[in-house]
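**Student:** Here you go, one structure.
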Amino acid sequence: MPKYSFKCKCGNVTEVVRPMKESDAPAMCQGPSGCGAYMRRDFKADLFYTPDDSYKTPLVSDSLAISIDQIAEHKRECPDIEITKEGQPVFTSYKQHEAYLKKTGFVKSPKRKRVNEKKITTIGETK
Ligand SMILES: [Zn+2]
Numbered sequence: 052m053p054k055y056s057f058k059c060k061c062g063n064v065t066e067v068v069r070p071m072k073e074s075d076a077p078a079m080c081q082g083p084s085g086c087g088a089y090m091r092r093d094f095k096a097d098l099f100y101t102p103d104d105s106y107k108t109p110l111v112s113d114s115l116a117i118s119i120d121q122i123a124e125h126k127r128e129c130p131d132i133e134i135t136k137e138g139q140p141v142f143t144s145y146k147q148h149e150a151y152l153k154k155t156g157f158v159k160s161p162k163r164k165r166v167n168e169k170k171i172t173t174i175g176e177t178k
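This is the structure:
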């Protein structure tokens, strides 16, 4: 679950772990130094976190899929990242995903062609 920072007008700063859909819900200034007021999200502090939260379910990336003949290369280069037999990399966390994007130099508008061919034709097939 993601972590969010909250800051109180009294100066108290707290980290709250909660589901993403509740990220903006107010948090109470609690604890020994708490004043009991509602705290506001501290978006600036959030930027300092390295998101390493694991994905709830492994993310099978269609957009990052490589062609089947690149799978062996992928396994050599990125042994920690699983790949499906269709060539889709499987990420278990955001951090892993990011690292992969960096490593492969992948930019947001891919020039790489997607390989959609599922059927493998055997060369020299006899009729
Ligand atoms: Zn406070």
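Numbering (the working numbering), first residue to last: 52 to 178. By construction, the Cβ of each residue, glycine as well, lies at the ideal position given by its N, Cα and C atoms. The structure presented is a predicted model; accordingly, all values stated were derived computationally and were not measured.
1. Determine, using beta carbons only, whether residue 84 and residue 67 come nearer to each other than 9 Å.
2. If you compare alpha carbons, which of 127, 117, 151 and 156 is closest to residue 135?
3. Residues in the same chain with beta-carbon distance under 6 Å from residue 111, minus the five sequence neighbours each way, listed in chain order, please.
4. From residue 150 to residue 53, what does the alpha carbon distance come to, in whole angstroms?
5. Please identify the residue among 107, 113 and 64 whose C-alpha is closest to the C-alpha of residue 143.
**Tutor:** Once the coordinates are examined:
1. In the sequence shown, residue 84 corresponds to position 33, counting from 1. In the sequence shown, residue 67 corresponds to position 16, counting from 1. One thing to note: residue 84 has its Cβ no nearer than 9 Å to the Cβ of residue 67.
2. The residue you call residue 135 lines up with position 84 of the sequence shown. If you compare the alpha carbons of 127, 117, 151 and 156 with that of residue 135, the shortest gap goes to 117.
3. If you number the sequence shown from 1, residue 111 lands on position 60. Here the set comprises 139 and 141.
4. Numbered from 1 along the sequence shown, position 99 holds the residue referred to as residue 150. Numbered from 1 along the sequence shown, position 2 holds the residue referred to as residue 53. Going by the C-alpha atoms only, they are around 19 Å apart.
5. On the sequence shown, position 92 is the one that residue 143 refers to. Minimum Cα-Cα distance from residue 143 among the listed residues 107, 113 and 64 corresponds to 107.
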